[in-house]
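Chains as they are written, first to last, in our numbering: chain A, 1 to 491; chain B, 1001 to 1489.
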Amino acid sequence: MGTLSLLVFSPAIGILALLMTRNSDNNQRTHVLALLSSFIPLLLSIFVFALFQGGNQLEERVSWITFQVAERTLTLDYELAVDGFSVLLIILTTVVSLLAILSARWMVNKDLNLFFIFMLFLEIGTLGVFSAHNLILFFVFFEITLIPMFFLIGKWGGTDREEAAFRYIIYNGLGSMLLLLAIAVIFINVGNTNFSVVADFFSGGEQKRFQAGMAIALLLAFGVKLPIFPLHSWMVKVHVHAPPALVMIHAGVLLKIGAYGLIKFGVFFFPEGFEILAPVIAILGLINLLYGAFLAFRQTELRAVLAYSSISHMGLILLGVAALNEAGIQGAIFQAVSHGLISALFFLLVGILLVRTQTTHLKRLSGLARLTPLLAGYFLVAALAGLGLPGMSGFVSEFTVFLGIFKTMPVIGAIGTLGLIMTVVYFLRAILNMTFGSYRNTFGNLKDLRTEEVISATILLLCIIGIGIFPNSVALTIQQTLETILVGIGG
Amino acid sequence: MDLQTLQSFEWGIMTPEFTILIAGILLSLLDLFGRERWKKYLPWLAVISIGIAILFLGNQAGHQDVSILYDTYIFDPFSFYFKFILLLGSFLIYLMILSRTTNHEIEDRGEYVYLLLAALLGTMVMASSGDIITLFVGLELLSISSYIMVGLRKNNLHSNEGAMKYVINGGIATAFTLFGMSYVYGISGSTKLVDISREMSGSLGSGEPVAIIGFIILFIGLGFKISTVPFHMWAPDVYQGAATPVSAFLSVISKAAGFMIIIRLFWDIFHSIGVAAENDALFEAIFGFVATVSILTMVIGNIVALRQRNMKRLLAYSSIGHAGYILIPLVSLTPMSLENIWFYLLAYVFMTIGAFMVIYILEQAKKSEDISIFSGLFKESPLLAVAMTIFLASLAGIPGTAGFIGKLNILIGAVIANPAQYLLAGIMALMTVVSYIYYFSIFVQMFIREPEEERITNISGLQWTPLILCVLGTIGLGIFPFIALNFFS
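Right under this line is the structure:
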């Protein structure tokens, strides 16, 4: 068993340990157990990161199924490998999962054991998605994340949890089935679904219509996950009704699968197809950016604000992809990582807040700063990161994306900057209303942040600032991936 | 036919059938003349006899093709692999019967035990027959045994209703089948499949309307057993009325047999022809029709399943949907098709019998078949809930289970076909998502709802045996599908 397999399946250790202590009512012990076991994937992922930085090729391959069709052989192997982009997302996954499990202790109070089992199960699926090196294996892990997500939303969510869970499963099911069809077509054309083999196969770039068709299919399939307007309604529901600890992973990591897929399969495999689609993607990105920002401005519920802000931020990824040049793609990758960290931080804070106030309604929260200055302060910092204050990761990614888009589509870029202004407006409106609005004394006394809460929020914040100040830490890691992709685009 | 010719036949290939036949006769005699207290051991005898039949069958692996009785009874890889599914499925169903904990005056009687063997014998005859007449005899043996099994719970209203519907619909379907067969016989002048195939590949098959009508009517009649549209309406009522092991039998073995007979007729006859230019019209008409049936079956089965609350009815509609999926490889006619159908049926044996087994356990404990018997199951019996989750995930086609590999195979087969069956593949994908809704609503019951008052006391080892076998099969085929696929090729 190679290092990557070990990493992907390492959360299983925790699952087994939790299964064995299922009958104990000791929540404290369950939590410590889950927390300790989520350190294993974290350490392994750091190890993998170090190996990758050291220039090691972490590839694994075990033959799995072969289909013999007439004179052709279709091979489907179990293949794992990482590149710069996926290794970043793997680290993101393990960090956010650890923090989500850490914070779940305060946020979740029923069936804690089962909750952690599903969380770790979800982590297996997510790590698998980013480590898979062929399309069908990617799909296998992608589908596997659906099941724990369904239970986590449906069982531990808020008022509308079951509807949110079903909406999640239907939208994502449709997206993944479309993806499966696209993968089947690729598989049959190439005879293999290994990423490098597929990219080589289509690099000739002759079949323009075929490439465009595949690009549309992939755009739709990953558009559900990203989500692209108008496929976003499930995501708002999940953001609002799922437990915040889960949304940390959902917004922080799972939504990034959409960006990951679009860049790594879409642009990498079918550069010609994406070139044809680029204007459409740019316009969709623009719609996402502006529509999300506008609706975020209108929301009265903090979690809905954040949901629409996610949609708006995902628009930036689309713009970066549409630019189809180095800066654009780099910006999109930056944005994926940075938004992952920022939304994880936001929902960590939302979870902390929700435990204390039982509501995230902006009006009712008004004047929070007086009760819990530290929490309000963190919210403000998170908002500043979200609106792209220089020195934080959000700024780097927005700047790079616009650098890319202005090169190829200046008009779209110009309209897009409007979105940036709106981002500032809605974030400040929501957060300032909440923290500095008139104090109503609806809650009596609220406790401010405790040490462990401060620690987990600070870890995320440090990552955000770290990327903001040293963007090269990310840029160097993805350099090679970026170059491989750019060869296909011809830029 | 003198004695010498009779002796010259290679009877050895029929040893599995003889085993089942002898066991069936023995069991019926024991049931008739045996002591009352022996009777509960009858299923054990049946299990042992199926075990022996599987051993005999295993012994025939790699045996060269043989045909006896003037080509009416053949042994070929096809019959070997499908008989394996039939025997394996029946084995699991007998384990299910054995696991029964409550006493029931009617279900305790021996009829079940030997009628099921008779039906099994019928399906095995169908698997091996090389002649329309033999096919029909096997089919009728299966049908008549099934009618009685469904109606055996004579004090149960649903059982009576189900049996009545089954007999009437079955009668009509049989009439269709025979009518279609008569057309086929009429134009080809033979009842032997080899001859029919030869005639069809000649000019006779070229767009002859009688041939088209004959085969389409034949297909409609045979569609009864696999519960495709338009003969699907019986399934929910019959599954609901019959005792759960019988429902499982009808859903798995009887359906597998139905597919076998369809493959025998359509695959053997048309595959050897290939898409010859002169047979285009015939070919297109028939497979266009099968494609339409497949689409309708998938859509109706999955959509109506959304509204069901009775678990057996729900599984009935879901099994209708699955029948639609399995028809896709038949339409795409690639070299992979047979393998795909076989694999899907094998996966289907494990996941469906497993699901019926869980329902059987709960139904006995809670005296209900409503979906609410699952509420809070995870709290009452976590292992049972996990087992059911695995079966349902497999039925829904979630990766890691046999059902996913089955669907993936079918999908790849549909896309690789010439011309590619994008429509069928697309509808299958869409309906898979629809099926998520009703499968996942059972998950909601098991994991999210709180348990009702009745708690399951404990599950005996006998009940665990078929469950564990089914779980192993479902997961095993999902992670190591090559074992089965290599076995097949």
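Even for Gly, the Cβ is constructed at its ideal location relative to N, Cα and C.
Closest residue to residue i among the options (Cα-Cα distance)
i                 : options                                    : result
Gly261 (chain A)  : A:Trp234, A:Ala336, A:Leu289               : A:Ala336
Leu482 (chain A)  : A:Leu19, A:Asp83, A:Met149, A:Met214       : A:Asp83
Ile1468 (chain B) : B:Pro1016, B:Val1358, B:Ser1146            : B:Val1358
Ile144 (chain A)  : A:Gly128, A:Arg429, A:Arg209               : A:Gly128
Ala1046 (chain B) : B:Asp1237, B:Ser1332, B:Ile1020, B:Leu1121 : B:Ile1020
Ile136 (chain A)  : A:Ile124, A:Asp160, A:Leu76                : A:Leu76
Ile317 (chain A)  : A:Ala278, A:Arg298, A:Leu345               : A:Ala278
Ala376 (chain A)  : A:Leu345, A:Phe39, A:Ser63                 : A:Leu345
Ser1182 (chain B) : B:Leu1087, B:Ser1381, B:Leu1218            : B:Leu1218
Ile1187 (chain B) : B:Pro1209, B:Ile1168, B:Asp1065, B:Gly1171 : B:Pro1209
Phe470 (chain A)  : A:Gly391, A:Glu71, A:Ala12, A:Glu272       : A:Gly391
Neighbouring residues, chain A, relative to residue i (Cβ below 8 Å)
i                 : result
Gly953 (chain B)  : For residue 953 (chain B) there is no data in the structure shown, the boundaries of chain B being 1001 and 1489.
Ala1305 (chain B) : Within 8 Å Cβ-Cβ: nothing; Ala1305 (chain B) doesn't reach chain A, min ~15 Å.
Ala1491 (chain B) : As displayed, chain B neither begins before 1001 nor continues past 1489, which places residue 1491 (chain B) out of reach and without an answer.
Residue i at chain B interface by Cβ criterion, 7 Å
i                : result
Leu18 (chain A)  : no
Ile186 (chain A) : no
Gly173 (chain A) : yes
Ile15 (chain A)  : no
Listed by chain order, chain A residues near residue i by CB distance under 7 Å
i                 : result
Tyr1438 (chain B) : Within chain A, no residue comes near Tyr1438 (chain B); the closest Cβ sits about 11 Å away, beyond 7 Å.
Met1124 (chain B) : Going along chain A, no residue has its Cβ under 7 Å from Met1124 (chain B), so there is no contact; the nearest lies around 28 Å.
Val1444 (chain B) : Gly154, Glu162
C-beta atoms of residue i and residue j nearer than 7 Å
i                 : j                 : result
Leu120 (chain A)  : Leu35 (chain A)   : no
Leu1362 (chain B) : Ile1373 (chain B) : yes
Ile412 (chain A)  : Ala282 (chain A)  : yes
Gly1089 (chain B) : His1158 (chain B) : no
Ser492 (chain A)  : Leu4 (chain A)    : Because chain A here runs from 1 to 491, residue 492 (chain A) falls outside it and cannot be looked at.
Thr1072 (chain B) : Asp1131 (chain B) : yes
Leu226 (chain A)  : Gly258 (chain A)  : yes
Gly1403 (chain B) : Leu1395 (chain B) : yes
Ser1079 (chain B) : Ala1127 (chain B) : yes
Thr400 (chain A)  : Ala293 (chain A)  : no
Leu371 (chain A)  : Leu432 (chain A)  : no
Ala1257 (chain B) : Gly1221 (chain B) : no
Phe427 (chain A)  : Gly386 (chain A)  : yes
Ala1355 (chain B) : Thr1228 (chain B) : no
Residue-level contact to chain A via CB, residue i, 7 Å cutoff
i                 : result
Pro1419 (chain B) : no
Val1471 (chain B) : no
Ala1277 (chain B) : Since pLDDT at Ala1277 (chain B) reaches only 49, below the 50 mark, its modelled position is unreliable, and the value read off the structure follows with that caveat. No, Ala1277 (chain B) lies away from the interface with chain A (no Cβ there is under 7 Å from its Cβ).
Val1433 (chain B) : yes
Ile1459 (chain B) : no
Phe1078 (chain B) : no
Thr1019 (chain B) : no
Phe1447 (chain B) : yes
Ile1412 (chain B) : yes
Met1014 (chain B) : no
Beta-carbon neighbours of residue i, restricted to chain A and to distances below 9 Å
i                 : result
Ala1393 (chain B) : Ile147
Leu1430 (chain B) : Leu174, Met177
Leu1415 (chain B) : As written in the sequence, residue 1415 (chain B) is Val, which differs from the Leu given in the question. Under the 9 Å cutoff, chain A gives Leu181, Ala184, Val185, Phe187, Ile188.
Chain-ordered chain B contacts of residue i [CB-CB under 8 Å]
i                : result
Ile170 (chain A) : Val1433, Tyr1436, Ile1437
Counting only Cβ-Cβ distances shorter than 8 Å, please list the residues of the region 204-237 of chain A near chain B, keeping chain order. Listed by position, the residues of the region 204-237 of chain A near chain B (Cβ gap below 8 Å) amount to none.
If you measure beta-carbon to beta-carbon, which residues of the region 143-168 of chain A are closer than 9 Å to chain B? When CB distances to chain B are screened at a threshold of 9 Å, the residues of the region 143-168 of chain A falling below it are Glu143, Ile144, Leu146, Ile147, Phe150, Phe151, Gly154, Lys155, Arg161, Glu162, Ala165, Phe166, in chain order.
Any C-beta of chain A within less than 9 Å: which residues of the region 1317-1337 of chain B qualify? Identification of residues in the region 1317-1337 of chain B having a C-beta nearer than 9 Å to some C-beta of chain A yields Thr1334, Pro1335, Met1336, given in sequence order.
Under 9 Å, CB to CB, which of the residues in the region 51-69 of chain A have a partner in chain B? Identification of residues in the region 51-69 of chain A having a C-beta nearer than 9 Å to some C-beta of chain B yields Ser63, Trp64, Ile65, Thr66, Phe67, Gln68, Val69, given in sequence order.
Within 7 Å of chain A by C-beta, residues of the region 1473-1485 of chain B in sequence order: Those residues of the region 1473-1485 of chain B placed with their C-beta closer than 7 Å to a C-beta in chain A are Pro1481, Phe1482, Leu1485, ordered along the chain.
Under 7 Å, CB to CB, which of the residues in the region 88-117 of chain A have a partner in chain B? Taking 7 Å as the Cβ-Cβ cut-off against chain B, none of the residues of the region 88-117 of chain A qualify.
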